[in-house]
Ligand SMILES: Nc1ncnc2c1ncn2[C@@H]1O[C@H](COP(=O)(O)OP(=O)(O)O)[C@@H](O)[C@H]1O
Ligand SMILES: [Mg+2]
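Numbering (my numbering), first residue to last: 561 to 861.
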């Protein structure tokens, strides 16, 4: 496994203010690696240090085998990076933008190819300002990878987009990975991280508080399954006696059982053997949101 990013104990201050305290993670070639955390957690600062756009104050960084502090020029030729929204003049034409960004890496594909690849040939002569939101997004993605990078950094790519454009952008990001490019994706959206990322570093209060796959995070931090149903049975101690059951909470007829393993099946069978077959039985899988609440104590935005 080749590591394309290695960060150890990254630290960054703005004057006296510590923006990133202790961030360590590594990214393997070919994955979509998520950096997830609330606003102000230090995500952007982290990826700016990795891209050589800011100089870190402590820790060890290696990106594509280069040191972002001393080799930032070479590094920026080799990585792709997402533009901030305001970065393109309205009158710039689509082909001009792509040509400009392709020229960053002379060894990359011809710009005409990039235009085709991202379905922008039809919009070739359109000005940036005349594109729809979705088309602008497509152009931003094309520009981020126009220099055929091995690694691309995308920071809050879908913030402010309508649900439809978000989905389209998710597909574009998957397309980047299918081309063999490793993606570091910064987001504060849990559904986005859950949908796209192979692994996720959760950052909170300037530190990495967990790193794993989505399933691994859920298993470790929100492993409990949750089964709910309604019943008139007065005594449910037979459920609490089950090995899979960790907790039972009752609110009138409504009962919530938490636990692990084959919880749903065991609870259903036990109820059935007591003459109860609830029609409203429901099981909820924990989500990344539960993980987040458990780790950070609910500090979501
Ligand atoms: N140029 C800067 N000067 C001073 N403080 C900054 C600067 N950029 C970011 N910060 C502060 O550093 C912290 C982390 O910011 P940032 O890395 O942008 O977080 P995130 O991307 O997770 O929202 C925030 O408290 C932010 O206000
Ligand atoms: Mg940010």
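Using N, Cα and C, we set each Cβ at its ideal position, and we do this for glycine too.
Residue 746 has its CB nearer than 7 Å to a heavy atom of ligand 2.
Residue environment for residue 844: exposed (fewer than 16 other C-beta atoms within 10 angstroms of its C-beta).
Using a C-beta cut-off of 8 Å, the region 704-720 makes contact with the region 627-644, since at least three inter-stretch Cβ pairs fall below that distance. Remark: the C-beta of residue 604 is in contact range of ligand 1, defined as less than 7 Å to any heavy atom.
About 7 Å separates the Cβ atoms of residue 784 and residue 846, confirming a contact at the 8 Å cut-off. In the DSSP assignment, residue 606 falls within the unbroken alpha helix (DSSP H) covering 603-610. Taken atom to atom, the span from the alpha-carbon of residue 813 to that of residue 773 is near 37 Å. As the crow flies, the alpha-carbon of residue 616 is around 17 Å from that of residue 763.
The DSSP-derived three-state label of residue 727 is helix. Between residue 687 and residue 659, the C-beta spacing is not below 8 Å. One Cα belongs to residue 626, the other to residue 611, and the distance between them is close to 10 Å. Considering only 804, 590, 604, the residue with the shortest C-alpha distance to residue 734 is 590.
Residue environment analysis places residue 822 among the exposed positions, since fewer than 16 neighbouring C-beta atoms fall within 10 angstroms of its C-beta. Around the beta-carbon of residue 792, fewer than 16 other beta-carbon atoms lie within 10 Å, marking it exposed. Listed in chain order, the alpha helix (DSSP H) runs fully inside the region 766-799 are 774-782, counting runs of at least 4 residues.
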